[in-house]
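J.:
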Amino acid sequence: MKLIQAIIKPFKLDEVKEALIELGIQGMTVTEVKGFGRQKGHKETYRGTEYQIEFVPKIKLDIAVADDRVNEALEAITRAAKTGSIGDGKIFVFDLQNIIRIRTGETGEGAV
Amino acid sequence: MKLFTSLMKLGLLIALVIGMGEWSVAFAEEGGALQIDTGDTAWILVSSAFVLCMMLPGLALFYGGLVRSKNVLGTIMHTAVILCLITLVWVICGYSLAFGPDIGGVIGSLEWVGLQGVGSEPSPDYASTIPHQVFMVFQLMFAAITVALITGSFAERMKFKALLLFSVLWSLCIYSPLAHWVWGGGWLGQMGALDFAGGAVVHISSGFGALVCAIVLGKRKGFGKEPMPPHNLPMTVLGTGLLWFGWFGFNAGSALGANGGAGVAFIATHIAASAGGLSWMVAEWVHRGKPTVLGIASGIIAGLATITPAAGFVGPMSAMIIGLVAGTLCYVAVVWKTKLGYDDSLDVVGIHGVGGFIGILATGLFASIGATGLFFGDAGQFGIQVFLALVTLAFSVVGTYIILKIVDWTVGLRISPQDEEMGLDLSQHSERAYS
């Protein structure tokens, strides 16, 4: 099992969600986050003074998937979240030791 | 127990003052020579409510949107508490000091303390077609908003107790004397100085008092190192609209009647606000490459502040020129502030101080209705206007400095660095605007 953590542009959330649902992905956790990468924030101007805003708002998705679904999930996220311009985000993939469904106590791939 | 005894004494004192006030009202009504005009009275009553709307919610939202989200309640609170506090100060003695029987052209006497003698008959000296009490309450709104304007300069860092003490002292020691000098039969008014609705008394005094506040209180923690962008610009735009709306009462109400003069002032006010908004927007567009919402809102306020002293004295085209000049010059002043390095957080100096100053001078240039400015043949009037602007500026700067020192010695001006980090809302009021 893998935990996919994707940092994407906030307005791309719906497209990414739809793409994953089409694949039959069962659930995800969404968090509003701020950060910077090579984009290095952006400029804002208030009353003629420019401010460098270092941390840009992004959306973080956490999705647990079975090993045989990882590649197609990654491919779907990449396709849906891509605009081609700077600041599209990143995807991190982690090994997932275990999953427990609290209601039933199921563990492992059965609980994904 | 001690508190209870003091409260009893205070209650007795208030009852005594109220009793005396009612007696003198009854006495005044026996004279009854002046005729009340119902149209004029209706307009000034409504105008007074308009000016109230400039403060709460107008100015409160305008300033509230400009600060960071952790300080929005504290900022709104400044305007709300000043409105309540200065109302009481004005009724108790502020009005008497400003408009009471003149003592040597310098100050009003204490004859009208607690509004004794201020009845429902017109005053022979002010607005002789409306009840004296209505004139008093219209002026009350001006007294309150002037102090509230200053709060933008020390936003996000002033101790609440300090704000209360500062407001009372500033209103009594700066606003009341200035109002007396210009409008209450004092020496500047006798000289022929023109200030239709408060370019000097309201905007120069608060704007340059604000400069001293920004310098004496010092910069906000992190100023210049971390960005401090406005947290809610739609809130600021809402405030701008309410200020614009209320300003019709402020300026057109200053004609003190429902008449041609009110119409002149109403139109000049509206044209200058529009010209100011466009002018600032274009100036910022040329300078920074984008027209901004905060820019047009700030320009509208700059146009309104600048036309204030001239509103009833100028025609529509003069008002347009004044508004256009105001928008660009106030923008330059606000950008220039960054180079000077002081932290006038919400630009009270650049908009109200500079706007008021330009407006007082412009009155001396463009006046053509009921007065004559330089462009219409009276150079002397321009000289008087320059003098009025400089005297007001100097009096406000020196007076505000002394008041700030007194407040600093007694209750202390600034909140602690930890409280500043936490924000006014939680540290001063134990409340949060957004959860």
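Going line by line, the protein sequences match chains A and B.
According to the working numbering, the first sequence holds residues -14 to 97 in order.
According to the working numbering, the second sequence holds residues 48 to 482 in order.
C-beta atoms are modelled at their ideal positions from N, C-alpha and C, and glycine is treated no differently.
For the structure I just gave you, are there three or more beta carbon pairs, one from the segment 282 to 291 of chain B and one from the segment 409 to 425 of chain B, closer than 8 Å?
T.: No, because fewer than three Cβ pairs between the segment 282 to 291 of chain B and the segment 409 to 425 of chain B fall closer than 8 Å, the two stretches do not touch.
J.: Is Met205 of chain B helix, strand or coil by DSSP?
T.: Strand at Met205 of chain B.
J.: For Tyr378 of chain B, go through chain A and note every residue whose CB falls closer than 9 Å to its CB, in chain order.
T.: Those within 9 Å of Tyr378 of chain B in chain A are Arg32 and Gly33.
J.: Which residue comes first and which comes last in the alpha helix (DSSP H) that contains Gln465 of chain B?
T.: From DSSP, the alpha helix (DSSP H) with Gln465 of chain B extends over Pro464 to Met469.
J.: Just to make sure I have the definition right: I need the residues of chain A whose C-beta is within less than 9 Å of the C-beta of Val229 of chain B. Which are they?
T.: Here the premise fails: no neighbours, minimum Cβ distance about 30 Å.
J.: CA-CA distance, Val1 of chain A and Asp47 of chain A?
T.: Each residue's Cα considered, the two are about 12 Å apart.
J.: What are the start and end residues of each continuous alpha helix (DSSP H) run of 4 or more residues lying completely inside the segment 396 to 447 of chain B, in chain order?
T.: 401 to 413, all fully within the segment 396 to 447 of chain B.
J.: When you compare the CB positions of Gly231 of chain B and Val401 of chain B, do they come within less than 8 Å of one another, or not?
T.: Not closer than 8 Å, so no.
J.: Grab me the residues of Val184 of chain B's own chain with a C-beta within less than 6 Å of its C-beta, minus the 5 sequence neighbours each way, in chain order.
T.: These residues qualify, in order along the chain: Ser95.
J.: For His278 of chain B, which three-state DSSP category applies?
T.: DSSP places His278 of chain B in coil when its eight states are reduced to three.
J.: What is the rounded straight-line gap between the Cα of Pro276 of chain B and the Cα of Val114 of chain B?
T.: About 7 Å.
J.: Note down, in chain order, all residues in the segment 34 to 49 of chain A with a beta-carbon under 9 Å from any beta-carbon belonging to chain B.
T.: Residues passing the 9 Å Cβ filter: Thr34, Glu35, Tyr36, Gln37, Ile38 and Glu39.
J.: Could you pull the start and end residues of the alpha helix (DSSP H) that Phe255 of chain B belongs to?
T.: Ser252 to Leu264 is the span of the alpha helix (DSSP H), which, as asked, contains Phe255 of chain B.
J.: In the DSSP assignment, what are the bridge partners of Ala322 of chain B?
T.: Looking at the DSSP assignment, Ala322 of chain B forms no beta bridge with any residue, so it has no partner.
J.: Measuring only between beta-carbons, confirm whether Leu497 of chain B sits less than 8 Å from chain A.
T.: In the structure as shown, chain B begins at 48 and stops at 482. Residue 497 of chain B is therefore absent and cannot be evaluated.
J.: Just checking my contact of Ala247 of chain B with Thr316 of chain B at CB under 8 Å: how many whole Å lie between their CB atoms?
T.: Their Cβ separation, rounded to whole angstroms, is 17 Å, which puts Ala247 of chain B and Thr316 of chain B out of contact at 8 Å.
J.: Return the residue from the list A:Ile62, A:Glu3 and A:Phe79 that minimises the CA-CA distance to Leu(-12) of chain A.
T.: Closest by alpha carbon: A:Phe79.
J.: Using a cut-off of 8 Å between C-beta atoms, extract the partners of Glu29 of chain A located in chain B.
T.: Near Glu29 of chain A (Cβ distances below 8 Å), the residues of chain B are Pro274 and Pro276.
J.: Does Val381 of chain B come within less than 8 Å of chain A when only Cβ atoms are used?
T.: It does; some Cβ of chain A falls within 8 Å.
J.: I think Ile192 of chain B touches Thr88 of chain B, with their Cβ atoms under 8 Å apart; what is that distance to the nearest whole Å?
T.: Not a contact, Cβ separation roughly 22 Å.
J.: Please go through the same chain and pick out, in chain order, the residues whose beta-carbon is closer than 7 Å to the beta-carbon of Ala322 of chain B, but skip the five residues on each side of it.
T.: Taken in chain order, the residues that qualify are Gly350, Met367, Gly370, Leu371 and Gly374.
J.: Closer than 8 Å by C-beta to Leu196 of chain B: which residues in its own chain qualify, once you throw out the five before and the five after it? Chain order, please.
T.: Excluding residues within five positions, the ones whose Cβ falls inside 8 Å are Leu106, Val249, His250, Ser253, Gly254, Ala257, Val395 and His399.
J.: Listing by chain order, which chain A residues have their CB less than 7 Å from the CB of Lys337 of chain B?
T.: The contacting residues are Thr30.
J.: Which residues in the same chain have their Cβ closer than 6 Å to the Cβ of Leu241 of chain B, if we skip the five residues on either side of it in sequence?
T.: Taken in chain order, the residues that qualify are Thr410 and Ala418.
J.: Looking only at its chain, what residues have a beta carbon closer than 8 Å to the beta carbon of Leu408 of chain B, apart from the 5 residues adjacent to it on each side?
T.: If we look at Leu408 of chain B and ignore the five residues flanking it on each side, its Cβ neighbours are Phe429, Gln432, Val433 and Ala436.
J.: Mapping DSSP to helix, strand and coil, what is Thr89 of chain A?
T.: Of the three classes helix, strand and coil, the one that applies to Thr89 of chain A here is coil, per DSSP.
J.: Is there a Cβ from chain A that is less than 8 Å from the Cβ of Thr484 of chain B?
T.: Here chain B has residues from 48 to 482 only, and residue 484 of chain B is not among them.
J.: From which residue to which residue does the beta strand (DSSP E) around Asp47 of chain A run?
T.: Val41 to Val50 is the extent of the beta strand (DSSP E) around Asp47 of chain A.
J.: In whole angstroms, what separates the C-alpha of Glu69 of chain B from that of Gly155 of chain B?
T.: Note that Glu69 of chain B scores a pLDDT of 48, beneath 50, so its modelled location is shaky; the value from the coordinates is reported in the next line. Answer to the nearest angstrom: the Cα atoms are 21 Å apart.
J.: If we ignore side chains and look at the alpha-carbon of each, how far apart do Ile453 of chain B and Cys220 of chain B end up?
T.: Straight-line Cα distance between these residues: approximately 13 Å.
J.: Report the neighbours of His334 of chain B on chain A: residues whose CB is nearer than 7 Å to its CB, in chain order.
T.: By Cβ distance, chain A contributes Gly33.
J.: Between which two residues does the alpha helix (DSSP H) containing Glu273 of chain B stretch?
T.: Where Glu273 of chain B is concerned, there is no enclosing alpha helix (DSSP H), given that its DSSP letter is neither H nor E.
J.: For the 8 Å Cβ check, are there 3 or more pairs between the segment 222 to 229 of chain B and the segment 383 to 392 of chain B?
T.: With the cut-off at 8 Å, the segment 222 to 229 of chain B and the segment 383 to 392 of chain B do not touch.
J.: Mapping DSSP to helix, strand and coil, what is Val361 of chain B?
T.: Coil at Val361 of chain B, not helix or strand.
J.: What residues of chain A sit near Thr385 of chain B, judged by a beta carbon separation below 7 Å?
T.: Going along chain A in sequence order, the residues near Thr385 of chain B (Cβ under 7 Å) are Thr34.
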